[in-house]
Amino acid sequence: MFVMQYFSSGTRAVYAAALLFMACTISAQTAKMPAGSVTHTFRVAGDHFELNGEPVQLLSGEMHYARIPREYWRARLQMAKAMGLNTVATYIFWNVHEPKPGVYDFSGNHDVAAFVKMAQEEGLNVILRAGPYACAEWEFGGYPSWLMKDPKMGSALRSNDEVYMAPVERWIKRLGQEMVPLLISNGGPIVAVQVENEYGDFGGDKKYLAHMLEIFQNAGFKDSFLYTVDPSKALVNGSLEGLPSGVNFGVGNAERGLTALAHLRPGQPLFASEYWPGWFDHWGHPHETRPIPPQLKDIAYTLDHKSSINIYMFHGGTSFGFMSGASWTGGEYLPDVTSYDYDAPLDEAGHPTPKFYAYRDLMAKYVKTPLPLVPAVPEVIAVPEFTVGRASSLWDHLPVPVKSEKPLTMEAMDQSYGYALYRKQLSEPVKGELVLDAVHDYALVYLNGKLIGSIDRRLKQDRITLATDKPARLDILVENSGRINSTKMMRGETKGITRGVTLAGRPLTSWEDYSLPMLDAGTMKASSTKRQVSGPHFSFGSFKVAKVGDTFLDVRALGKGALWINGHAMGRFWNVGPQETLFVPGPWLKRGRNDVVVFDLFDTTAQKSKLAGLTKPILDAETHEVKKTSGAE
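Residue numbers (mature numbering (1 follows the signal peptide of the UniProt record, and there is no 0)): -28 to -1, 1 to 605.
Next comes the structure, spelled out in structure tokens:
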């Protein structure tokens, strides 16, 4: 359907117009549909889109099914309708669907087909941002970590190298089995499918983009409206002639972004493929917000210029478990917090904000029918203070180690998330610098079980001074704080100790490597022992509720780690701020007793911490560096 060819500037306009027409006409006549089926089309008609033969502006808002409890999908979709949207967009996160090569999961919260069908039931179109790269402040930009087990991926990621393209092609083909039946040409709600995501910020290889396009066509998406997106400064690098483009921009940049797109694609319908009404948060950095009035000007400008729009994010949700990613900005590694509230119109818990109502008032001027009433929100409950205690030391839960000369990365141990412990017996007294080359991402160093100090990638640390007067056991506990989700730094995102270790200038070899992915942590039970433990540990507690409802778990008494309730992974916590609560969805609670498991790298006062469920989140606390913690008693 597309001509796989590149054009000189002199022939660009003629070929682009012809290819654009071929690319954008999605007709039921080109799909295998049962006799008597209703014809569904989404196509380019001059400078605008047509849906089933009628002019349409896509008024879209982004939400990610994996960041929303399945029980709340419909409520969030109904909120989108109530704000005046006619479309929703979602990324596909490859890592949750193919956790191991060739092993696929489209069940439960990962049942993207069910999410898309539900959107159609609510009268919404769907924009499928199929990747395979997402970004989205999601762990590794949505890539499965097992890609990095192959050392060649360090230079092949997001390139035309077969090492990368072979698993991509296999994945997109499998995704097509789920999504192609839901294309508009087959009677589904999917009106557009994104081929690549902000590639212009990463590279400019047109052969790679052409190959990506071919993969999507061969996977069954050839009858889709296929397109790419980039920020305005990267449009040229990230686009492919003949393939429609969208432009991404933030507050105050509507005119500049749309002008850049119009220059690149003259005569094409304009599409603000990401309009950023907020931003995301990093640990140790202030909470991000954006003022409302300039956003209303941006949206009005966009819609008045016949552009479609996708608000990123309409509803951010939560990066549950270990799914929050990290940025590489200005040479700094910046891990993201668990909340993906994003200062979006619909907040993390699905409540409409002042921004929602301001947007709704504006959108009402651009839609032909009265907007539905704003739905009621789920009940929010307070949970009285309760204790997590009865600690169990991590050292009592170590698996059988793997022996290696140099420390193994998590990927080499077939591990995606969590922690890794590296143990080495020092056979003689030593004094000097312990250098970790390079630790990803946060390490605690122990001698004979006593905490010596931490090494934090955020702070560009890589060494600590050790001194022993006799043989000792060296333990290095490393946390994967989230893989970088953008820039070419992704190509180096193996986790753990990624190169090697030296002590007093001499390489350390002969290690025991312990893989600690925390896969079963949420179902652990408290030990009957009452002995005091120190250092990294599990704590256990419970609370009772007479009725279920959403709540915001106050974790200010904790240090750094992860937390589970009734087996559900709530996410990471860290006492550097700005996030000091974890969103707990009501459907994940039970009437009566609810069990809490905490893994904390740091000691807690008297082995007990007081937690509680609040009715409001704390996402904007004062930020600071890590509070000092004690080592072993």
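Glycine is no exception: its CB is placed at the ideal position from the N, C-alpha and C atoms.
Looking at the DSSP output, glycine 564 sits in a beta bridge with Val517. Residue pairing from DSSP places glutamine 166 in a beta bridge opposite Arg101 and Tyr199. With respect to the 7 angstroms criterion, threonine 495 and alanine 410 are not classified as neighbours on the basis of their beta carbons.
In the same chain as alanine 534, and ignoring 5 residues on each side of it, the C-beta atoms closer than 6 angstroms to its own belong to Arg544 and Phe571, in chain order. Selection Arg142, Arg15, Leu475 and Asn452 evaluated against leucine 198 yields Arg15 as nearest (Cα-Cα). Around the beta-carbon of arginine 565, fewer than 16 other beta-carbon atoms lie within 10 Å, marking it exposed. Annotated as proximal: isoleucine 162 and leucine 155, with beta-carbon spacing under 7 angstroms. Glutamate 484 is bridged by DSSP to Lys375 and Arg395. Taking all protein chains shown into account, aspartate 276 has fewer than 16 neighbouring C-beta atoms within 10 Å of its C-beta and is therefore exposed. As computed with DSSP, valine 346 is found in no beta bridge at all.
At a cut-off of 4 residues, the continuous stretches assigned as alpha helix (DSSP H) that sit fully inside the stretch 227 to 315 are 265 to 276. Around the beta carbon of arginine 563, fewer than 16 other beta carbons sit within 10 angstroms, so the residue counts as exposed. A contact is defined here as three or more CB-CB pairs under 8 angstroms, and the stretch 442 to 461 fails this definition with respect to the stretch 337 to 347. In the three-state DSSP reduction, asparagine 67 falls in the helix class (H, G or I). Rounded to the nearest angstrom, the gap between the Cα atoms of asparagine 282 and serine 245 is 5 angstroms.
In the structure shown, methionine 542 adopts extended strand secondary structure according to DSSP, grouped into three states.
Beta-bridge annotation (DSSP): asparagine 220 is paired with Pro203 and Glu246.
Straight through space, the alpha carbons of glutamate 484 and serine 399 are spaced by roughly 15 angstroms. For aspartate 77, there is no enclosing alpha helix (DSSP H), as DSSP gives it neither H nor E. Counting C-beta atoms within 10 angstroms of its own C-beta, alanine 518 has fewer than 16 neighbours from the protein chains shown and is therefore classed as exposed. In the DSSP assignment, tryptophan 45 falls within the unbroken alpha helix (DSSP H) covering 45 to 54.
In the structure shown, aspartate 173 adopts helical secondary structure according to DSSP, grouped into three states. Per the coordinates, the alpha-carbon of alanine 52 lies some 24 angstroms from the alpha-carbon of leucine 554. Around the beta carbon of lysine 532, 16 or more other beta carbons sit within 10 angstroms, so the residue counts as buried. In this structure, serine 217 sits away from threonine 231, with a CB-CB distance that is not shorter than 7 angstroms.
Looking only at Thr290, Asp575, Gly425 and Ala272, the smallest Cα-Cα distance to phenylalanine 252 is reached by Thr290. Remark: fewer than three beta-carbon pairs, one from each stretch, lie closer than 8 angstroms, so the stretch 219 to 226 and the stretch 186 to 197 are not flagged as touching.
Sixteen is the threshold: since fewer than 16 other Cβ atoms of the shown chains lie within 10 Å of the Cβ of lysine 375, the residue is exposed.
Threonine 440 carries a strand assignment under DSSP once its states are collapsed to helix, strand and coil. The alpha carbon of serine 157 has as its nearest neighbour, out of Asp83, Gly192 and Arg430, the alpha carbon of Gly192. For tryptophan 143, the uninterrupted alpha helix (DSSP H) segment begins and ends at 134 to 151.
Within the same chain, Val223 and Gly224 come within 7 angstroms of proline 266 by CB-CB distance, once the 5 residues on both sides are set aside.
Residue nearest to leucine 236 within the set Gly114, Ser204, Lys432 and His183 is Ser204 (criterion: CA-CA distance). Alanine 17: not part of any alpha helix (DSSP H); member of the beta strand (DSSP E) spanning 14 to 17, first to last residue. When Asn58, Lys89 and Val28 are compared, the shortest CA-CA separation from arginine 46 is found for Lys89.
Close CB contacts of leucine 119 within its chain, under the 6 angstroms cut and outside five residues either way in sequence, are with Met125 (chain order).
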